[in-house]
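*Asks:* Which chain is which? The protein sequence lines are A and E, in order.
Following the working numbering, the residues of the first sequence are numbered contiguously, the last one being 231.
Following the working numbering, the residues of the second sequence are numbered contiguously, the last one being 231.
Sharing a structure, written as structure tokens. Questions coming.
2 protein chains.
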Amino acid sequence: MESRIVASLDLTDEKSLIKIASLIGENVFAIKINWPTVLSLGKTIIGRLSKFSKVICDFKLADIPNTHRLIMEQIADQNPWAVIAHAFVGKDSLSELVSSGTRIISVVSMSNEGSNRHLNPRWKELMEDALESGVYGIVAPGNNYGLLRQISSRKGNMKVFSPGIGAQGGSYIESIENGSDYVIIGRTIYSDEDPLSKVLKINLDIENHKF
Amino acid sequence: MESRIVASLDLTDEKSLIKIASLIGENVFAIKINWPTVLSLGKTIIGRLSKFSKVICDFKLADIPNTHRLIMEQIADQNPWAVIAHAFVGKDSLSELVSSGTRIISVVSMSNEGSNRHLNPRWKELMEDALESGVYGIVAPGNNYGLLRQISSRKGNMKVFSPGIGAQGGSYIESIENGSDYVIIGRTIYSDEDPLSKVLKINLDIENHKF
Numbered sequence: 021m022e023s024r025i026v027a028s029l030d031l032t033d034e035k036s037l038i039k040i041a042s043l044i045g046e047n048v049f050a051i052k053i054n055w056p057t058v059l060s061l062g063k064t065i066i067g068r069l070s071k072f073s074k075v076i077c078d079f080k081l082a083d084i085p086n087t088h089r090l091i092m093e094q095i096a097d098q099n100p101w102a103v104i105a106h107a108f109v110g111k112d113s114l115s116e117l118v119s120s121g122t123r124i125i126s127v128v129s130m131s132n133e134g135s136n137r138h139l140n141p142r143w144k145e146l147m148e149d150a151l152e153s154g155v156y157g158i159v160a161p162g163n164n165y166g167l168l169r170q171i172s173s174r175k176g177n178m179k180v181f182s183p184g185i186g187a188q189g190g191s192y193i194e195s196i197e198n199g200s201d202y203v204i205i206g207r208t209i210y211s212d213e214d215p216l217s218k219v220l221k222i223n224l225d226i227e228n229h230k231f
Numbered sequence: 021m022e023s024r025i026v027a028s029l030d031l032t033d034e035k036s037l038i039k040i041a042s043l044i045g046e047n048v049f050a051i052k053i054n055w056p057t058v059l060s061l062g063k064t065i066i067g068r069l070s071k072f073s074k075v076i077c078d079f080k081l082a083d084i085p086n087t088h089r090l091i092m093e094q095i096a097d098q099n100p101w102a103v104i105a106h107a108f109v110g111k112d113s114l115s116e117l118v119s120s121g122t123r124i125i126s127v128v129s130m131s132n133e134g135s136n137r138h139l140n141p142r143w144k145e146l147m148e149d150a151l152e153s154g155v156y157g158i159v160a161p162g163n164n165y166g167l168l169r170q171i172s173s174r175k176g177n178m179k180v181f182s183p184g185i186g187a188q189g190g191s192y193i194e195s196i197e198n199g200s201d202y203v204i205i206g207r208t209i210y211s212d213e214d215p216l217s218k219v220l221k222i223n224l225d226i227e228n229h230k231f
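Dropping the structure here:
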């Protein structure tokens, strides 16, 4: 069975990052990195990691269409599997990203307290925009099962990627039960003494669970 | 008189970028760069440009507080003068950026059509959040004078930075008349055959105008 794990490797040290990616790459669905990693190691780290696994660039892009186009051009030769972008800046900005040909995953809700003021109350409209823009997937919280269920029930053909697992309180089993297609797991894996065993155990837990 | 120009140098070629920055650096208020430049040339381009002028990193950050902290840590040694971030993701995310010690400039409205659905209608609340988070400045359109006037009238002690000048229809004189503290000018400067003369002419136009 294909793994449901997206390993969030928030590391900025090259040796540690390459080591863990080479260890677990074949046994996770994808590896996710964010700006701190790219700032530290340069954009070529995307290409280097893509030899071990699909790479999701969690850039939370939120700019005008033209800048989005230029950003996608800059990373095109690094073989990113998907890029994460915000839906709140509008459908034109999302559509421009989709037209790059790389899969786009849209943020329609966030986990920080502050996002409850403007962003989270608008998740339904943000999902409509994401769906109409032709994005591949959406990000929905793996530690808020009520919201996750509501979001998943409207996902259409989009895949649901869920952070908030482990240190942030969510369970990967319950997250999948409530609609996640993929669970984003960070510290639980990369802070473990034996990251590969941890990954294999999670894969097995999910495989053996009756959903 | 101090220049009111923020030169938006959206270039990804190192030679051209350094050449124009060294030419105009002393005669503009600041130089603004965006992700395409940093992806192409690495984060050290921030430090290199800061030898010619203040550098504003137009990153449109929109992440959770912890990721914001890690991003600011990654660029701290590059001497950025300011970083642009979205107010939409919440006050906690903005406050975390402000606590880095680098000036933060908040986006409270955008120029793309798509941003009229979620972001632009909330500019008043976004300004409140920006003000309460202690940001240094806000971004307000230099090609929408009505909105610019309204935003400027509520800016408190924040500085107003205005894009949309030149190719996008705004005039630097009218933009300043309607409340901009600084005008962000891109192609008008870097596509000119003689960028320094262009900058000096704009500085003089502004200096000679009776506001």
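Ideal Cβ positions, reconstructed from N, Cα and C, are used throughout, including at glycine.
1. Label residue 24(E) either buried or exposed according to how many other C-beta atoms from any shown protein chain fall within 10 Å of its C-beta, with 16 as the threshold for buried.
2. Would you tell me roughly how many angstroms separate the C-alpha atoms of residue 179(E) and residue 119(A), rounded to the nearest one?
3. Compute the beta-carbon to beta-carbon distance between residue 193(A) and residue 226(A), rounded to the nearest angstrom, for a pair I have assumed lies under 8 Å.
4. Is the Cβ-Cβ distance between residue 65(A) and residue 29(A) less than 8 Å?
5. Does the separation of the CB atoms of residue 43(A) and residue 37(A) fall below 8 Å?
6. Can a CB atom of chain E be found closer than 8 Å to the CB of residue 109(A)?
7. Considering only their Cβ atoms, is the gap separating residue 76(E) from residue 56(A) smaller than 8 Å?
8. Contact criterion: CB-CB distance below 8 Å. Does residue 94(E) meet it with respect to chain A?
9. DSSP on residue 119(A), reduced to helix/strand/coil?
10. When the cut-off is 8 Å and only beta carbons count, does residue 7(A) lie next to chain E?
11. Skipping 5 residues on each side, what residues in its chain have a beta carbon closer than 6 Å to that of residue 202(A)?
12. Can you check which of these residues, 60(A), 81(A), 53(A) and 59(A), is closest to residue 70(A) by C-alpha distance?
13. Could you check the C-alpha separation between residue 218(A) and residue 72(A) for me, to the nearest Å?
14. Check whether the Cβ atoms of residue 125(A) and residue 158(A) lie closer than 8 Å to each other.
15. Extract the residue ranges of the beta strand (DSSP E) inside the segment 172-218 of chain A, only unbroken runs of 3 or more that lie entirely within it.
16. Quick one, which residues of the segment 27-61 of chain A are near chain E if we go by CB-CB under 8 Å, in chain order?
17. Mind checking which residues open and close the alpha helix (DSSP H) that includes residue 136(A)?
18. Nearest by alpha-carbon distance to residue 35(E): which of 130(E), 129(E), 165(E) and 61(E) is it?
19. For residue 80(E), return the contacting residues in chain A, with the cut-off set at a CB-CB distance below 7 Å.
20. Is the CB-CB distance between residue 176(E) and residue 151(E) below 8 Å?
21. How would you list, in chain order, the residues of chain A whose beta-carbon sits under 9 Å from the beta-carbon of residue 16(E)?
22. What is the residue span of the beta strand (DSSP E) that residue 106(A) lies within?
23. Which value, in whole angstroms, describes the spacing of the CA atoms of residue 79(A) and residue 191(E)?
24. Have a look at the DSSP bridge pairing and note the partners of residue 91(A).
25. Which residues of chain E have a Cβ atom closer than 8 Å to the Cβ of residue 152(A), listed in chain order?
26. Hey, out of 215(A), 87(A), 39(A) and 45(A), whose CA is closest to residue 132(E)'s CA?
27. According to DSSP, is residue 109(E) helix, strand or coil?
28. Distance, Cα to Cα, residue 74(E) vs residue 47(E)?
29. I'd like to check one pair, residue 147(A) with residue 169(A): are the Cβ atoms closer than 8 Å?
30. Measuring alpha carbon to alpha carbon, tell me which residue in 196(A), 161(A) and 145(A) is nearest residue 137(E).
31. Taking buried to mean at least 16 other C-beta atoms within 10 Å of its own C-beta, is residue 111(A) buried or exposed?
*Replies:* Taking the structure as given:
1. On the second sequence, position 4 is the one that residue 24(E) refers to. Here residue 24(E) is buried: its Cβ has 16 or more other Cβ atoms, across all protein chains shown, within 10 Å.
2. Along the second sequence, read from residue 1 onward, the residue named residue 179(E) stands at position 159. Along the first sequence, read from residue 1 onward, the residue named residue 119(A) stands at position 99. Here the alpha carbon of residue 179(E) sits roughly 36 Å from the alpha carbon of residue 119(A).
3. Counting from one through the first sequence, the residue named residue 193(A) turns up at place 173. Counting from one through the first sequence, the residue named residue 226(A) turns up at place 206. Indeed they touch by this definition, with Cβ atoms about 7 Å apart.
4. As a working mapping, residue 65(A) is identified with position 45 in the first sequence. As a working mapping, residue 29(A) is identified with position 9 in the first sequence. With contacts defined by Cβ atoms closer than 8 Å, residue 65(A) and residue 29(A) do not form a contacting pair.
5. Walking along the first sequence from the start, residue 43(A) turns up at place 23. Walking along the first sequence from the start, residue 37(A) turns up at place 17. Against a cut-off of 8 Å, the Cβ pair of residue 37(A) and residue 43(A) comes out as no contact.
6. One-based indexing of the first sequence puts residue 109(A) at position 89. Judged by the 8 Å Cβ criterion, residue 109(A) is in contact with chain E.
7. Position 36 of the first sequence holds residue 56(A). Position 56 of the second sequence holds residue 76(E). Against a cut-off of 8 Å, the Cβ pair of residue 76(E) and residue 56(A) comes out as no contact.
8. Residue numbering aside, residue 94(E) sits at position 74 when the second sequence is read from its first letter. Judged by the 8 Å Cβ criterion, residue 94(E) is in contact with chain A.
9. As a working mapping, residue 119(A) is identified with position 99 in the first sequence. Secondary structure of residue 119(A) (DSSP, three-state): coil.
10. Within the shown structure, residues of chain A are numbered from 21 to 231, placing residue 7(A) beyond reach of any answer.
11. Locating residue 202(A) in the first sequence gives position 182, where the first residue counts as 1. Around residue 202(A): 24, 26, 49 and 181.
12. Residue mapping note: residue 70(A) aligns to position 50 of the first sequence, counting from 1. Here the closest residue by C-alpha is 53(A).
13. Position 198 of the first sequence holds residue 218(A). Position 52 of the first sequence holds residue 72(A). Residue 218(A) and residue 72(A) have their C-alpha atoms spaced approximately 17 Å apart.
14. For this step, residue 125(A) is matched to residue 105 along the first sequence. For this step, residue 158(A) is matched to residue 138 along the first sequence. In contact: residue 125(A) and residue 158(A) (Cβ atoms closer than 8 Å).
15. Segments of the beta strand (DSSP E) lying fully in the segment 172-218 of chain A: 179-182 and 202-205.
16. Those would be 30, 32, 54, 55, 56, 58, 59 and 60, in chain order.
17. Within the first sequence, numbered from 1, the residue matching residue 136(A) stands at position 116. First-last for residue 136(A): undefined, no H or E at that position.
18. Translated into the one-based positions of the second sequence, residue 35(E) becomes position 15. Cα-wise, what sits closest to residue 35(E) is 61(E).
19. Reading the second sequence from its first residue, position 60 is the one you call residue 80(E). Ordered by position in chain A, the residues that pass the 7 Å Cβ test against residue 80(E) are 82 and 83.
20. Walking along the second sequence from the start, residue 176(E) turns up at place 156. Walking along the second sequence from the start, residue 151(E) turns up at place 131. Contact flag set, yes.
21. There is no way to answer for residue 16(E), as the model of chain E reaches only from 21 to 231.
22. The count along the first sequence starts at 1 and reaches residue 106(A) at position 86. Its beta strand (DSSP E) spans residues 102-106.
23. Position 59 of the first sequence holds residue 79(A). Position 171 of the second sequence holds residue 191(E). Roughly 33 Å separates the two Cα atoms.
24. In the first sequence, residue 91(A) corresponds to position 71, counting from 1. Partner(s): none; residue 91(A) has no beta bridge.
25. Numbered from 1 along the first sequence, position 132 holds the residue referred to as residue 152(A). Ordered by position in chain E, no residue passes the 8 Å Cβ test against residue 152(A), which lies about 11 Å from the chain.
26. In the second sequence, counting from the first residue as 1, residue 132(E) sits at position 112. Out of 215(A), 87(A), 39(A) and 45(A), 87(A) has the C-alpha closest to the C-alpha of residue 132(E).
27. Here residue 109(E) refers to the residue found at position 89 when the second sequence is read from its first residue. Note: residue 109(E) maps to coil in three-state DSSP.
28. One-based indexing of the second sequence puts residue 74(E) at position 54. One-based indexing of the second sequence puts residue 47(E) at position 27. Taking C-alpha positions only, residue 74(E) is separated from residue 47(E) by approximately 11 Å.
29. As a first step, residue 169(A) is located in the first sequence; it is residue number 149 there, counting from the start. As a first step, residue 147(A) is located in the first sequence; it is residue number 127 there, counting from the start. When the beta-carbon positions are compared, residue 169(A) and residue 147(A) stay at least 8 Å from each other.
30. By one-based count along the second sequence, residue 137(E) stands at place 117. Of 196(A), 161(A) and 145(A), the residue nearest in Cα terms is 145(A).
31. On the first sequence, position 91 is the one that residue 111(A) refers to. So residue 111(A) counts as buried.
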